[in-house]
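Under my numbering, residues 79 to 403 are what the sequence shown spells out, in order. Beta carbons are placed, not taken as given, at the ideal position from N, Cα and C, and that holds for glycine. Before any comments, here is the structure.
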Amino acid sequence: MSVQILRNLSCITFSANSIITKPYFAISVKAMEATTSELSLQYPKPISAPPPPISKDIELRRAMEASSKSSLFNLTRDDVLYEDEHLMAVNKPKGVYCEAVLRSAPQVVLDSSSEFHLANRLDRDTSGVMIITKSHKVAAKLVKAFTEHRISKSYIALCIGSSPNWRKITVSSGHGRSKHGAWRVYAASDVGKVLPGGSFVRDMETRFEVVSVNGVENIKTESCQVENVVVVEGVQELSCDGDDDNVVVVVRAFPRSGRTHQIRLHCQYLGIPIRGDVKYHGRYEWSGRTFEGHELHAECLSLDHPVTDDPIVIRAPLPCWAAED
Numbered sequence: 079m080s081v082q083i084l085r086n087l088s089c090i091t092f093s094a095n096s097i098i099t100k101p102y103f104a105i106s107v108k109a110m111e112a113t114t115s116e117l118s119l120q121y122p123k124p125i126s127a128p129p130p131p132i133s134k135d136i137e138l139r140r141a142m143e144a145s146s147k148s149s150l151f152n153l154t155r156d157d158v159l160y161e162d163e164h165l166m167a168v169n170k171p172k173g174v175y176c177e178a179v180l181r182s183a184p185q186v187v188l189d190s191s192s193e194f195h196l197a198n199r200l201d202r203d204t205s206g207v208m209i210i211t212k213s214h215k216v217a218a219k220l221v222k223a224f225t226e227h228r229i230s231k232s233y234i235a236l237c238i239g240s241s242p243n244w245r246k247i248t249v250s251s252g253h254g255r256s257k258h259g260a261w262r263v264y265a266a267s268d269v270g271k272v273l274p275g276g277s278f279v280r281d282m283e284t285r286f287e288v289v290s291v292n293g294v295e296n297i298k299t300e301s302c303q304v305e306n307v308v309v310v311e312g313v314q315e316l317s318c319d320g321d322d323d324n325v326v327v328v329v330r331a332f333p334r335s336g337r338t339h340q341i342r343l344h345c346q347y348l349g350i351p352i353r354g355d356v357k358y359h360g361r362y363e364w365s366g367r368t369f370e371g372h373e374l375h376a377e378c379l380s381l382d383h384p385v386t387d388d389p390i391v392i393r394a395p396l397p398c399w400a401a402e403d
């Protein structure tokens, strides 16, 4: 047997230009870790801060409470903002999942034999206008309209932070999940780059207007008509009026894209996180009160009817926190 092995080896020749490579299993674990580390350094780095450690427990508790509330939730006719044979718009309450609203839709519509679909979604703690379609065909048309940004949306948010020195501003940035799975703000120049897990940085843009600061309504002067435009490439560099970071700022937001947690992320970036939004560094304890959920409300949707093409404007009544502040 040993003679046979030697005979085989004697048939192997090497030239001066031959390259001897190690088989894959011979590569050390340390070398593989170094290669992985080098690749990870090529991923875009998020600009906004990650969720604070305390947010994990608070979000879990809120999710459990919302699940319990959602299991008992039923729409009423008072929740219906608009209805025709093709679709209906409802005022989703805070702390209820969209699926619970959809499930209870047959109880209040005029024609309960319809096929109900969600045309848009709102976060668990975001209240306001939500559209439910009555057929798959209409749902497909509306989803396409949302995707192509042919539907105008406006939100109102109550924030706690520094007093902004702008009255109108548009923020353009990247959007994606970090290696820890949290949604984060990325630089606009990172749009299209690969993130851990194989997803990509996508663009997001939001226009903001200040409604009031500490209860004082924004006065519409000529200077207020100037709109700042921020293309995010690094940390927030806008200056603020004063050093106080406990100012109550009510803003109206007009998202021009539809990314997950978009308004919440951009408010965090601007230094005015939404009150109660602990995930994005918002105050959940304020003036002796604890706020369960963020204070963000989808107040208006403007669209062309997916069947008749007639223009429709659907508004939801303001919640108490918005009316008071």
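So what does DSSP say about T284, is it helix, strand or coil?
T284: strand per DSSP, three-state reduction.
Skipping 5 residues on each side, what residues in its chain have a beta carbon closer than 8 Å to that of L296?
According to the sequence as given, residue 296 is Asn; it is not Leu. R245, E287, V288, V289, S290, C302.
Across the region 374-386 and the region 211-220, are there enough close Cβ pairs to call them in contact, namely three or more that are closer than 8 Å?
Output reads yes: the region 211-220 touches the region 374-386.
Would you kindly work out how many angstroms separate the C-alpha atoms of A141 and F369, rounded to a whole number?
14 Å
According to DSSP, is S149 helix, strand or coil?
In this structure, S149 counts as helix in the three-state DSSP scheme.
Within the continuous alpha helix (DSSP H) that includes R181, where are the two ends?
176-181
Provide the residue span of the beta strand (DSSP E) that contains V328, from first to last.
325-333
Under 6 Å Cβ to Cβ from S118, same chain only, skipping five residues before and after it: list those, please.
Model confidence at S118 stands at a pLDDT of 48, short of 50, so the residue's coordinates are unreliable; what they give is reported in the following sentence. Nothing listed; no residue qualifies.
With the cut-off set at 8 Å, would you say H359 and P124 are in Cβ contact?
no
Rounded to whole angstroms, what's the CA-CA distance from P122 to K170? Just pull it up for me.
36 Å
Would you kindly check if the distance between the Cβ of I229 and the Cβ of L379 is under 8 Å?
yes
Do three or more CB pairs link the region 273-286 to the region 332-349 at distances below 8 Å?
yes
Within 10 Å of its beta-carbon, does K134 have 16 or more other beta-carbons around it, so buried, or fewer, so exposed?
exposed
Identify which residue in H339, I247, K172, V186 has its Cα closest to the Cα of N152.
V186
Thinking C-beta only, is R353 closer than 8 Å to S232?
no
So, at 7 Å on beta carbons, what are the nonlocal neighbours of I247 in its own chain, with the 5 sequence-adjacent residues on each side left out?
F286, E305, N306, V308
Since I believe G275 is in contact with A265 (beta carbons under 8 Å), could you give me their beta-carbon distance rounded to a whole number of angstroms?
Not really, about 19 Å apart at Cβ, beyond 8 Å.
Measure the C-alpha to C-alpha separation of A401 and V272 and round it to an integer number of angstroms.
Distance between the alpha carbons of A401 and V272 is about 43 Å.
Quick check on R262: buried or exposed, where buried means 16 or more other Cβ atoms within 10 Å of its Cβ?
buried
Skipping 5 residues on each side, what residues in its chain have a beta carbon closer than 8 Å to that of A127?
Q346, H359
Thinking C-beta only, is P351 closer than 8 Å to G239?
yes
With a 10 Å radius around its C-beta and 16 neighbouring C-beta atoms as the bar for buried, classify K108 as buried or exposed.
Bear in mind that the predicted position of K108 carries a pLDDT of just 48, short of 50, making it unreliable; the figure below should be weighed with that in mind. Classification for K108: exposed.
Taking A127 as part of the beta strand (DSSP E), name the residues at either end of that continuous run.
Unbroken run through A127: none, as it is neither H nor E.
Taking just the CA atoms, how far does D388 sit from S146?
Near 39 Å, if we compare the C-alpha coordinates of D388 and S146.
Let me check one thing: in DSSP terms, what residues is K246 bridge-paired to?
E287
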